Structure formats: C-alpha cells, structure tokens
Amino acid sequence: MNVAIIGAGPAGMSCANALLTFGLTPIVIDRSDHAGGAQRTNFHPNLWLLGAPEETGIQMTDRLSRHFEELPIQFHRNTEVLTVHPAGKGFGLQLRKGETELTLQADAIVLATGMRSRATPKLLALAQSSPRVIVGPLSLAIRDDIRQSRVLILGGGDNALDHALFLSERGNEVTVCTRGKFSARLQFREACAKQTAVTLRRECRPSGFRLQDDKILAAWPEGEMAFDWLLVMYGYEPNTEIVERFDRAIRPRRTKQGHIVVDLWQRSSVAGIYAAGDITDSPQPSVATAIAQGLATARAVERDLSKDQ
C-alpha cells in the first residue's frame with residue numbers, strides 16, 4: 156500500500172524508514188533536490204538530540220540523509236504538489252517535476268513540510284535586495300561572514316539573544332531590538348546583560364529600514380542608525396500553504412497560527428491524512444520530536460490501513 160510523504164526533513168525521513176519496516180510503500184516528495192530539510196544550514200550543535208552532543212544540524216542531517224537515501228524508497232526530488240483530491244478509498248496527487256507532470260495514487264498522506272523563519276513582507280523584500288539582511292537563524296553567513304561589524308537583531312526570543320551572544324564573541328557590536336519585553340530564557344537575558352558588546356532595547360519599534368551602499372539604515376524617533384548587518388529573528392511559521400491545494404472536502408483543520416491539528420497518533424481531522432514534525436503545534440519543536448512523531452505516524456498509518464483490509 157502506498158503512503159505519500161510530503162517533505163523529506165527529519166519527520167518525513169523517520170516516517171518513511173518506519174513504514175518500510177511495517178511492510179508499506181513510502182513515496183517521498185520534496186521541493187528540494189536533497190533530503191534533510193531546514194537543518195541543512197544549521198551550523199549550531201543539536202543540543203536536544205541525545206547521543207550526539209557536538210554534532211551540528213548540518214552534520215546530523217548528512218548522517219540522517221545518507222541512511223534515508225540508502226533505503227529502497229521512491230524519492231521524488233525537485234517535485235511540487237499541484238493538487239490533492241479523493242480517489243476511491245485513498246487520494247490522487249498531481250505532481251510537477253520540471254516540465255513533467257505526474258499522477259500518484261496513495262492510500263494515505265503524511266504532511267511533513269516543516270516550518271520556515273517568519274518576517275514581515277517588507278523585511279522579506281529587503282532580504283531579497285541585500286545579502287546583509289538575513290531572515291532566521293539558519294544561514295551560514297552568520298557563522299562565516301559577520302566579523303567586526305555592527306549588527307542589529309530584531310526579535311526578543313531565544314534565537315535573537317543566543318545569536319547576539321554568538322556574534323558578540325566574534326568581535327561584533329550587537330543591538331537587539333524587540334517591540335515589547337524579551338521572552339528569551341533567563342540564562343540568555345542574564346548573559347547578554349553581562350556582555351558589553353550587546354545592547355538590549357525593549358519597546359523598540361523602528362519605523363523603517365533602507366539600504367545605503369553596504370549599510371542598513373534603521374529609522375528611530377531619535378534619528379537613523381547605520382548597521383552592517385540586519386538579522387530578523389521573529390520565530391517560525393509552519394509550511395501549511397500546501398493544504399490550500401487539497402480538495403476542500405479533504406483539507407485538514409489548522410490552528411490560528413496555521414499548524415495542522417493532530418491527535419496523539421498524528422492523525423489530522425481528515426481520515427487518511429496525517430502530519431508530523433514542525434508542521435504540527437508541538438510544545439517542543441526539535442529534531443528529536445520530529446523523528447519521534449515520524450515513527451508514531453508510521454505506526455498509526457499501519458494500524459489504520461490494516462483495519463480497512
């Protein structure tokens with residue numbers, strides 16, 4: 156029986172591996188040309204994964220991807236899902252790979268498309284115009300290129316303050332700006348307060364940004380300030396737009412934030428459609444959680460399909 160898995164990050168790879176052991180046929184679809192998901196550019200150690208304390212997200216993804224690609228699994232790379240509709244007891248998926256359109260029949264669907272860094276449309280447009288404007292923490296430029304610079308970080312959570320510490324230790328002068336109060340863990344707030352190269356600004360609302368040569372100018376009531384780099388750390392949002400391509404009768408329910416609503420076994424509100432990983436509203440999004448949810452999803456799929464036989 157065919158199970159279409161949309162997304163080849165940790166949750167999707169874990170689910171595919173487990174489905175094989177349960178005697179089912181996973182078919183994995185991803186827009187990228189490789190497996191691994193967003194962790195492919197995570198240069199930080201993966202602290203949540205027991206057994207690999209010094210392994211970065213990049214190293215971990217390489218290890219997981221090698222295992223995944225050795226499995227006897229159909230993996231459709233560089234492939235976009237165009238439509239999904241009911242077909243008999245299962246589903247029909249219309250796919251596009253380059254100029255070629257494909258049709259796939261599946262007895263179940265697993266959504267594992269993960270999440271992306273969040274930013275306003277204006278900041279996203281600014282990032283398109285300058286490589287010195289970076290949205291989210293998963294950029295190798297943060298590790299490799301930012302040295303002896305003035306850096307402005309927008310956001311008040313763990314990622315914002317963690318990166319302020321990371322960059323200040325590399326000779327940078329960092330200003331962190333949040334619209335309200337800082338929500339980061341106490342350990343990050345205390346560490347930043349002790350770091351002379353880090354300035355924390357609460358109730359901070361720049362009215363706009365503009366590019367001038369190789370500088371980013373931030374406008375405040377007291378005037379403009381020039382920075383060499385602008386990092387946007389506004390958190391994440393789930394990649395659930397794909398649900399809009401599903402026939403209305405089989406669109407899974409989502410939260411106000413866009414996460415797929417699932418039960419304890421990762422079942423969505425639509426029979427035969429499941430979701431795993433960061434696309435769900437997990438209390439602790441992480442690679443460890445995604446891998447575990449991928450396994451739980453595979454077990455639920457196997458149980459549910461067995462009942463239909």
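Using this note's numbering, you'd call the opening residue of the sequence shown number 156 and step up by one each time.
Glycine residues also receive a C-beta, built at the ideal position from the N, C-alpha and C atoms.
Values in this document were obtained by computation on a predicted structure and should not be read as measured data.
query: In chain order, what residues of the same chain have a beta carbon less than 6 Å from the beta carbon of alanine 353, not counting five sequence neighbours either side?
result: Checking the sequence shown, residue 353 turns out to be valine, not alanine. Its chain contains Ala319, Ser323, Val329 and Cys347 as the residues whose beta carbon lies nearer than 6 Å to that of valine 353, once the 5 sequence neighbours on both sides are disregarded; these appear in chain order.
message: Could you tell me the alpha carbon to alpha carbon distance between asparagine 172 and alanine 263, rounded to whole angstroms?
response: For asparagine 172 and alanine 263, the distance between alpha carbons rounds to 16 Å.
- request: Check asparagine 270 in the structure and name its three-state DSSP category.
  value: Note on residue identity: the sequence assigns methionine, not asparagine, to residue 270. Looking at methionine 270 - three-state DSSP - the assignment turns out to be strand.
message: For arginine 251, report the span of its beta strand (DSSP E) as first-last.
response: For arginine 251, the enclosing beta strand (DSSP E) has its first and last residue at 245–252.
task: Could you pull out every residue in the same chain whose Cβ sits closer than 7 Å to the Cβ of tryptophan 420, ignoring the five residues on either side in sequence?
output: Spatial neighbours of tryptophan 420 in its own chain (CB-CB distance under 7 Å, excluding positions within 5 residues in sequence) are listed in chain order as Ala451 and Ala455.
query: What span of residues does the beta strand (DSSP E) with asparagine 157 cover, start to end?
result: Per DSSP, the continuous beta strand (DSSP E) segment holding asparagine 157 begins and ends at 157–161.
query: What's the C-alpha gap between serine 424 and arginine 195?
result: Straight-line Cα distance between these residues: approximately 31 Å.
query: So, is glutamine 283 buried or exposed, given that buried needs 16 or more other C-beta atoms within 10 angstroms?
result: With fewer than 16 Cβ atoms within 10 Å of its Cβ, glutamine 283 is classed as exposed.
field: Paired residues, beta bridge with glutamine 367 - DSSP
entry: Its beta-bridge partners are Lys370.
- request: Could you pull the start and end residues of the beta strand (DSSP E) that proline 181 belongs to?
  value: That run of the beta strand (DSSP E) goes 180–184.
task: Evaluate the contact criterion for the segment 276–293 versus the segment 373–388: three or more CB pairs, one atom per stretch, below 8 Å.
output: Counting Cβ pairs under 8 Å, three or more are found: they touch.
query: In this structure, does DSSP put proline 276 in helix, strand or coil?
result: Residue state, collapsed to three classes: helix.
- prompt: Any chance the segment 193–212 sits against the segment 292–300, with 3 or more Cβ pairs inside 8 Å?
  reply: Yes, they touch.
message: Comparing C-alpha positions only, which one of Thr238, Glu210, Pro361 and Gly253 sits nearest to histidine 137?
response: Within the shown structure, residues of the chain are numbered from 156 to 464, placing residue 137 beyond reach of any answer.
- request: Using a threshold of 8 Å, state whether the C-beta atoms of arginine 403 and valine 236 are closer than that.
  value: No; because the gap between Cβ atoms is not below 8 Å, this pair is not in contact.
message: What does the alpha-carbon distance come out to for the pair serine 362 and lysine 336?
response: Straight-line Cα distance between these residues: approximately 18 Å.
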